[in-house]
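Have a look at the structure below, then the notes.
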Amino acid sequence: MGRLAGKTAIITGAGGGIGRAHALLLGQEGANVVVNDIGTRDGANAASVVEEIQAAGGKAVASTVSATWDGANQIVADAVAAFGSIDIILNNAGTAVMNDLWRFTEEEWDKTFNVEPKGYFALIRAATPHMARQGSGCIVNTSSSSGFGHPGAIAHATSREGVIGLTRSVAKELGRFGIRCNAIRPFAVGASTKEFSDVSRSWERLTLVN
206 MGRLAGKTAI ITGAGGGIGR AHALLLGQEG ANVVVNDIGT RDGANAASVV EEIQAAGGKA
266 VASTVSATWD GANQIVADAV AAFGSIDIIL NNAGTAVMND LWRFTEEEWD KTFNVEPKGY
326 FALIRAATPH MARQGSGCIV NTSSSSGFGH PGAIAHATSR EGVIGLTRSV AKELGRFGIR
386 CNAIRPFAVG ASTKEFSDVS RSWERLTLVN
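Residue 411 in the numbering used here is what sits at position 206 of the sequence shown, and the numbering runs on without skipping anything.
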């Protein structure tokens, strides 16, 4: 029996790359995994990861709802309906709009921030009442090394660094309910699923902050 047997995890951006690695590893450890991804219109990415988890003997369901203010409530409701609880939130969804500072449009800026940190906060806001009632919960937010500053990616760098502030604030506010909140700050990695065939090594390379 894995270390996470009976626990339920919602993972956003789980259709490929780091998110897929998270999903497969948590599935291996016995967690019930909600594989959330909106990368394709037909939900093929999420469905594919669900099939991988199930083929290895794990439990998983696909979710193709975007983590908007209202969408986050639906994701949480679906997770509870499927598995009865929420124990882990792994915010991994993201988008990277590249442009020179003077050429950035408001639409490009908002597109980035609507995913992170806004989408991250929306899911945390929707899920943590369930965690507080059960007296425990774990949240992991994906930041990025780009937060240290990256020419041409000012929106991405700013939003990902905002994830650090969000993480610290949530940890301090909800710690009294037994809810832990941390962030990882990976460097650039490939999005191809082939580059994450060794899930354990992928996880170990991630750097824990806060």
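Here a beta-carbon is modelled for each residue, glycine too, at the ideal position from N, C-alpha and C.
Task: C-alpha gap between Val302 and Thr245, whole angstroms - done: Translated into the one-based positions of the sequence shown, residue 302 becomes position 97. Translated into the one-based positions of the sequence shown, residue 245 becomes position 40. If I take the Cα positions, the gap works out to 18 Å.
Can you tell which of Lys316, Asn387, Leu328 has the C-alpha that lies nearest to the C-alpha of Thr419?
Residue numbering for the chain in the displayed model covers 206 to 415; residue 419 lies beyond these limits and cannot be assessed.
Measuring CB atoms only, is the region 308-323 touching the region 249-260, in the sense that at least three cross pairs come out at less than 8 Å? no
Looking at the structure shown, is Val302 part of a helix, part of a strand, or coil, going by DSSP? Here residue 302 corresponds to residue number 97 of the sequence shown, with the count starting at 1. Coil, per DSSP.
- Query: Is the beta carbon of Ile293 sitting closer than 8 Å to the one on Lys212?
  - Reply: Taking the first residue of the sequence shown as position 1, residue 293 is located at position 88. Taking the first residue of the sequence shown as position 1, residue 212 is located at position 7. Yes, the pair counts as a contact, with Cβ atoms nearer than the cut-off.
Could you round the C-beta distance between Thr348 and Ile384 to whole angstroms and report it? I think they count as a contact, below 8 Å. Reading the sequence shown from its first residue, position 143 is the one you call residue 348. Reading the sequence shown from its first residue, position 179 is the one you call residue 384. Going by the sequence as given, residue 348 is Ser instead of Thr. Not confirmed; about 19 Å, so no contact.
Enclosing beta strand (DSSP E) for Gly342 [first to last residue] | Position 137 of the sequence shown, counting from 1, holds the residue named residue 342. Looking at the DSSP string, the run of the beta strand (DSSP E) that includes Gly342 is 342-347.
Note to self: Assuming Cys240 is part of the beta strand (DSSP E), what are its boundary residues?
What the structure shows: Here the question's residue 240 lines up with position 35 in the sequence shown. Looking at the sequence shown, residue 240 is not Cys but Val. That run of the beta strand (DSSP E) goes 237-241.
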